[in-house]
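Take a look at the structure set out below.
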Amino acid sequence: MKKLTLDDKGVIKLLSDLTEHAGKRGIMFQMLLHMLSDDQINMLFNYLHKDYNIKNRFQLFRINDKVVFKPGKYEFSNMNIDAMQDQSIILDGYMSGKIMSSPDYGNEFNPTYYRMTLEVPVLDDDNNIVMKTHDVDTLDLRFMSENQKRYFKHIWE
9 MKKLTLDDKG
19 VIKLLSDLTE
29 HAGKRGIMFQ
39 MLLHMLSDDQ
49 INMLFNYLHK
59 DYNIKNRFQL
69 FRINDKVVFK
79 PGKYEFSNMN
89 IDAMQDQSII
99 LDGYMSGKIM
109 SSPDYGNEFN
119 PTYYRMTLEV
129 PVLDDDNNIV
139 MKTHDVDTLD
149 LRFMSENQKR
159 YFKHIWE
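Going by my numbering, the first residue of the sequence shown is number 9, and it counts up by one from there.
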């Protein structure tokens, strides 16, 4: 097997191709992330964020950011989905949440950690909206669109 070496620009080009088309090549980006340690991912994103101004392409999550995600098939299977839709907790299969922390071992929030701890609205036994803490993979989170912000407004104001 031939060994390749890349300079900084080559690495950035490779990463930008992988991340720019993450929707099309999501598996490649996930494979790359799984091959790196948490420290390496953190260093890489901080390097890209500072030195190559990827802020226009990527915006790292912060505490209190409102996000949406599609829950896994079994994550909220004990909940009444119809009642949650009636209470405007679910929109087109997406649930909303507010980022509370990263569940890593450090004391500070790590915006590049592979999971985020969210405060998620769910229904209790009396069909009242209550908040539940839930961990979600960071790659599954999206910032809310304007339409989603309007739809979930009653929860977050």
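C-beta: ideal position from N, C-alpha, C; glycine also.
Note that this is a predicted model, so its numbers are computed, not measured.
{"query": "For Ser166, does the count of other Cβ atoms within 10 angstroms reach 16, so buried, or fall short, so exposed?", "result": "Given that the chain is displayed from residue 9 to residue 165, the structure contains no residue 166 and the question cannot be resolved."}
{"query": "Run through DSSP, which three-state label would Leu49 get?", "result": "Before going on, a small fix: residue 49 reads as Ile here, not Leu. Helix."}
{"query": "Report the CB separation of Val144 from Phe77 in whole angstroms; it is logged as a contact under 8 Å.", "result": "5 Å"}
{"query": "Report yes if the CB atom of Glu127 is closer than 8 Å to the CB atom of Lys106, and no otherwise.", "result": "yes"}
{"query": "Determine whether the beta carbon atoms of Gln93 and Asn135 lie at a separation below 8 Å.", "result": "no"}
{"query": "Only counting the same chain, and skipping five residues up and downstream in sequence, which positions put a Cβ closer than 7 Å to that of Tyr113?", "result": "none"}
{"query": "Of all the options Arg158, Glu165, Val130, which has the alpha carbon lying nearest to the alpha carbon of Ser85?", "result": "Val130"}
{"query": "Rounded to the nearest angstrom, what separates Leu44 and Thr146 at their Cα positions?", "result": "15 Å"}
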